[in-house]
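**Student:** If you scroll down you'll find the structure; I have some questions about it.
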Amino acid sequence: MRRQTPDVERIWTVLDLVNWGTEYFERKGVDSPRLTIELMLCDVLDVRRLQLYTDHERPLTKEELSVLRAYVRRRAEREPLQYILGKADFYGLSFTVDPNVLIPRPETEIIVDRAIRLLREVGGLSPRCLDVGTGSGCIPVSIAVHDPTSVWVGIDVHDGALEVARRNAEAHAVGSRVTFTTMDFLADIPSGTFDLITMNPPYIPLVEIHELEPEVRDHEPLTALTDDLDGFTFYRRFAAAAPKILSPTGTAFLEIGYGQSTEILALMTAGGLLCTIIEDLAGIPRVAKISWGSVTKS
């Protein structure tokens, strides 16, 4: 079993493949090897993970094995599992993803959670909301699903990303309240002001790109990862554009990178903005909460 590959010349059961795949991915240095092969099998067989164990003696057909083998080869080459399966979980929802969009991260859920909480506290009719660099649309779609009053515009410079975002909005039945448009935030801004703005910009400095895992560096869109400079380009642009896009009583939630909080506080303060840094559960600064006023830090 150790040196065998799951070819179609013998019978392979679910349990055989879970054991083989776990060992194979361990040797390849793939993170979460057992979970990886289990999720692949769930996709190929269209079952839930529990069913892999209640039906562990189920043999795979030649067609199913062929699909699984292709998945395994791609993951062994360090292609992200989410791109292989074409989906990613985020804030309890499933989103379509492909190489046009950044894979949603758990840390970005902080923005969604804080935004939903704010909208519920503030109330009001149909708050006007903007998501900058929307990618898969996971931020505005997730918030719109949980807050039926919010109306969203998502902007992105890439049409391929917006196609994915539109599919996700329709899949979660919020397409009438979440619309998307092609726009380069560094060159243009939407008309009018917004009550809520969210942004997960490309904040990784160009000099650090080579340090990323191959799944990220070699497969995810570089324009969603880095600004090709120092990582602060979009924050500078936001600070400059805030008087035109953030309403007097509005709030923005911006995801930030490791070690960037001090510089971002300075940028926002210089523009007369109130900036509160929100930490994740590990105590790492993750989100800048922006509004009009004086500066604080927490």
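If you count the sequence shown from 1, position 113 lands on 1431 in the working numbering, and the numbers rise without skipping. By construction, the Cβ of each residue, glycine as well, lies at the ideal position given by its N, Cα and C atoms.
1. Can you tell me whether DSSP reads A1491 as helix, strand or coil?
2. For T1467, name the three-state secondary structure that DSSP assigns.
3. Hey, R1432 and V1605 are a contact pair by Cβ (cut 8 Å); roughly how many whole angstroms apart?
4. Assign G1451 to buried or exposed, taking buried as 16 or more other Cβ atoms, counted over all protein chains shown, within 10 Å of its Cβ.
5. What separation, rounded to the nearest whole angstrom, lies between the Cα atoms of R1484 and F1498?
6. If you follow the beta strand (DSSP E) that V1365 is in, where does it begin and where does it stop?
7. Return helix, strand or coil for G1601, following the three-state DSSP convention.
8. If you draw a straight line from the alpha carbon of F1552 to that of Y1521, how long is it in whole angstroms?
9. Work out the CA separation of D1474 and H1705 for me, nearest whole Å.
10. Tell me the rounded alpha-carbon separation between Y1389 and M1358.
11. Would you report the Cα separation of P1445 and T1467, rounded to the nearest angstrom?
12. How is the alpha helix (DSSP H) around D1334 delimited, first residue to last?
13. Assuming F1556 is part of the alpha helix (DSSP H), what are its boundary residues?
14. Can you check whether the CB of R1393 is closer than 8 Å to the CB of T1354?
**Tutor:** Answer, in terms of the structure:
1. coil
2. coil
3. 7 Å
4. buried
5. 7 Å
6. Element bounds for V1365: n/a, residue is neither H nor E.
7. coil
8. 8 Å
9. The structure shown does not extend to residue 1705, since the chain is modelled only from 1319 to 1616, so the question has no answer here.
10. 7 Å
11. 7 Å
12. V1332 to K1346
13. T1551 to I1563
14. yes
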